[in-house]
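Residue 74 is where the sequence shown starts when you use the numbering used here, and the numbers rise one by one after that. The beta carbon of each residue, even a glycine, is placed where N, CA and C say it ideally should be. What follows is a short report on a single structure.
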Amino acid sequence: RSSKDEPECRLTSYQSFLDILNEMNDYAGQRELIAENLMMNICIDLTKYLQELKQERKTYLTEAKKAQQSLESTYKQLDTSKKRFEREWREAERAAQNAEKTDQDINATKADVEKAKLHANMKAHTAEDCKNDYASQLQKYNKEQSQFYFNDMPDIFNKLQDLDERRIRKLAQGYILFSDTEKHVMPIIGKCLEGITKAGTNVNEKNDTMFVIEQNKSGFERPGDQEFEDYSQGINRASSDSSLGTPKGPMDLLGKNKSKNFWLFTRKSKFSSSMLTPFSSPPDPLPSNGSPSPKFSREPLSYCLKEINKTVKPRISSFRTLRRSPTVTEDFAHLPPEQRRKRLQQKLEEISKDLQKEVDQSEALEKMKDVYEKNPQMGDPASLASQISQTSLKMERLKVELNKYEVIPLSCVYFILQGPGFIVKCNLRLLSLSRKPDIFVFFVSSPDGAHSDESTPDPSQAIYAEFDDDFEDEELVAPIGECTAMYNFPGMPHEGTISMQEGEVLAVVEEDKGDGWTRVRRNNGSGIGRITTSVNCLQFFLLDRS
């Protein structure tokens with residue numbers, strides 16, 4: 074990551090991983106240095122030297138081949154002279170035998186005898202010449218063969234042996250150079266390995282897990298124990314004192330669901346009216362004729378739910394925000410309470426730091442202005458007017474922004490519907506990082522005023538209808554509270570916003586649903602519109618409608 078302010082950068086495992094990456098980078102650099110030295114000082118030199126050895130070996134093999142070809146040529150001449158001598162000698166023997174035979178023949182003339190003897194003498198002379206030539210060729214071949222096997226080939230083999238020895242020596246020198254290169258970088262590689270070992274020992278899994286918990290905890294309270302609902306006793310739990318106790322958590326305040334439990338990571342969590350009411354009113358006893366006699370002309374609980382539908386409903390599904398992706402607002406209302414507190418604190422620290430920087434700059438400019446006024450030769454005081462003005466504007470803007478983030482109202486955390494009379498209690502907190510949060514409580518009685526200790530709603534009526542995301546009411550809703558502006562807010566009528574002055578009190582028509590806007594109306598009814606939630610301090614209450 075490019076930013077060092079990321080939460081993951083504070084984990085020891087993350088820092089150790091970064092250290093290991095850095096050490097591995099250095100380790101890889103040393104390996105690259107070794108590879109470069111091997112390439113430049115060993116591989117290139119060896120390749121060039123081996124090419125020279127190949128050329129030299131080729132020359133020696135050519136000389137050996139020539140010597141062998143010369144010996145083979147001499148042997149062919151020897152074989153030819155030998156065969157000729159053998160042929161001529163046989164012909165001479167036949168001629169001698171013919172001459173002797175002719176000489177002993179009584180019928181042969183003297184001329185025939187002389188002719189046969191002359192032919193025999195010629196063949197004998199030719200055979201003698203062939204014999205001498207064969208002897209000469211044999212002597213020549215034996216000499217060349219001796220030269221080939223005792224001088225030429227041993228010299229060539231010695232040269233090839235020397236060539237191979239030089240090749241082996243060159244390779245051995247390359248091995249030594251490789252070892253020296255490794256030894257040269259081994260201390261640095263050892264330090265890299267020591268750094269990796271140190272990075273591994275620096276990991277603290279306990280601190281990492283605690284940091285993740287601290288970074289991501291929501292701040293929601295745990296639900297309380299479910300109470301035993303004894304339907305066999307026929308007790309009107311709406312008027313029971315046990316239901317008026319101090320709530321223990323958001324689930325106690327939202328009430329108990331009689332049909333199923335509310336889980337944190339379910340696919341679909343719907344809040345029914347039975348979940349919103351921590352009481353269960355038994356049906357009225359039937360008269361003698363068996364027909365029910367309801368006490369209300371209309372459904373009071375449904376009426377109350379309709380009245381607070383647009384203000385309370387977006388806030389009671391606090392657990393749903395864990396799996397949804399709400400709209401990001403500048404007051405961080407989309408975050409859980411604990412995360413919102415941290416982000417607000419961080420925002421305040423950033424604004425305070427910027428404000429202090431501007432204050433220091435303003436003081437420095439004022440001092441410089443005083444110096445210029447006392448010593449005009451050092452500078453013109455009027456030249457600092459624009460800078461002082463800009464600094465003042467920045468300070469005012471930062472103060473307004475700081476004031477906006479110092480007091481940010483949180484929405485309604487929980488409420489309780491109680492009967493008889495269906496009194497609605499709403500607990501509102503005003504988040505202030507400079508003081509303790511305030512708590513506001515409002516009461517709403519039955520909408521039609523017809524209530525008594527004996528009157529309970531008929532469970533057969535649709536007062537326990539599901540109170541989920543599809544519940545909407547198009548009727549005009551009366552103001553649900555008041556708000557006081559903490560500073561001026563310029564309205565944009567064409568954008569649906571309304572202007573308000575600091576200290577002005579407006580009637581709240583629709584509470585902030587998480588988008589950072591609250592719908593208000595002027596008390597004289599002259600205008601209605603939206604204002605940013607951060608500019609008002611909710612003083613939330615409702616009057617008796619009866």
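Through-space distance from Glu479 to Val285, alpha-carbon basis: 27 Å
Own chain residues within Cβ distance below 6 Å of Cys82, not counting five before or after: none
For Pro601, write down the residues that DSSP places opposite it in a beta bridge. In the sequence as presented, Pro is not what sits at residue 601; that position holds Ile. In the DSSP output, where bridge partners are listed per residue, Ile601 has Arg594.
Spatial distance of Met441 from Lys290 (CA atoms): 49 Å
Reduced DSSP category for Ala181 - H, G, I as helix; E, B as strand; rest coil: coil
Return the first residue and the last residue of the alpha helix (DSSP H) that Thr85 is part of. 85-110
Can you say whether Pro360 is buried or exposed, counting buried as having 16 or more other CB atoms within 10 angstroms of its CB? The predicted model places Pro360 with a pLDDT of 43, which falls under 50 and marks its position as unreliable, so this point remains unresolved.
Can you give me the C-alpha to C-alpha distance between Lys190 and Thr182, rounded to a whole angstrom? 13 Å
What whole-angstrom Cβ distance do Asp585 and Ala406 have, given they're in contact under 8 Å? 7 Å
Going by CA-CA distance only, name the one from Leu84, Leu91, Pro80 that's closest to Lys46. Residue 46 cannot be examined here, being either before or after the span of the chain that is shown, 74 to 619.
Please report the Cβ distance between Arg592 and Val578, rounded to the nearest whole angstrom; I am assuming they are in contact, meaning their Cβ atoms lie under 8 Å. In fact, because the Cβ distance is near 15 Å, the residues do not count as touching under 8 Å.
With C-beta atoms as the reference, is Gly564 less than 9 Å away from Ile604? yes
Where Leu579 sits in the DSSP three-state scheme: strand
Rounded straight-line distance, which links the Cα of Glu136 to that of His198: 41 Å
Between which two residues does the alpha helix (DSSP H) containing Ala458 stretch? 458-479
Can you look up Ala137 in the DSSP assignment and give me helix, strand or coil? helix
Could you pull out every unbroken alpha helix (DSSP H) segment of at least 4 residues lying fully inside the segment 189-238, listed in chain order? none
Should Ser313 go down as buried or exposed, given a rule of 16 or more other Cβ atoms within 10 Å for buried? Because the pLDDT at Ser313 is just 42, under 50, the model does not fix this residue reliably, and the value given afterwards should be weighed accordingly. When all chains shown are included, Ser313 counts as exposed.
Let me confirm a value: Gly569 is counted as buried when at least 16 other C-beta atoms fall within 10 Å, else exposed. Which label applies? exposed
When you compare only the Cα positions, how much space is there between Asn98 and Leu119? 30 Å
Can you name, in chain order, every residue of its own chain whose Cβ lies under 8 Å from the Cβ of Ser465, other than the five neighbours on each side? Ser435
Which residues DSSP lists as bridging Cys116, in chain order: DSSP, once it has assigned bridges, lists no residue as partnering Cys116.
State the Cα-Cα distance for the pair Gln141 and Ile229, rounded to the nearest angstrom. 12 Å
Secondary structure at Gly554, three-state DSSP: helix, strand or coil? strand
Name the DSSP beta bridge partners of Thr570, please? Arg603
In whole angstroms, what separates the C-alpha of Gln429 from that of Pro410? 28 Å
N-terminal and C-terminal residue of the alpha helix (DSSP H) that Asp427 is part of: 410-447
Applying the criterion that 16 or more other CB atoms from any shown protein chain within 10 Å of the CB defines a buried residue, is Ala455 buried or exposed? exposed
Is Asp443 buried or exposed, if buried means 16 or more other CB atoms sit within 10 Å of its CB? exposed
So the alpha helix (DSSP H) Glu287 belongs to, where does it begin and stop? 278-289
Should Asp225 be labelled buried (16 or more other beta-carbon atoms within 10 Å of its own) or exposed? buried
Validate contact between the segment 148-155 and the segment 210-223 using beta carbons, cut 8 Å, 3 pairs: yes
With 16 other CB atoms within 10 Å as the buried threshold, where does Met573 fall? buried
Would you mind giving the Cβ-Cβ distance between Val186 and Asp176, rounded to the nearest angstrom? I have them listed as a contact below 8 Å. 5 Å
Taking only the alpha-carbon atoms, compute the straight-line gap between Glu469 and Asn476 and give it to the nearest angstrom. 10 Å
Quick check: Ile107 and Ala272, are their CB atoms within less than 9 Å of each other? no
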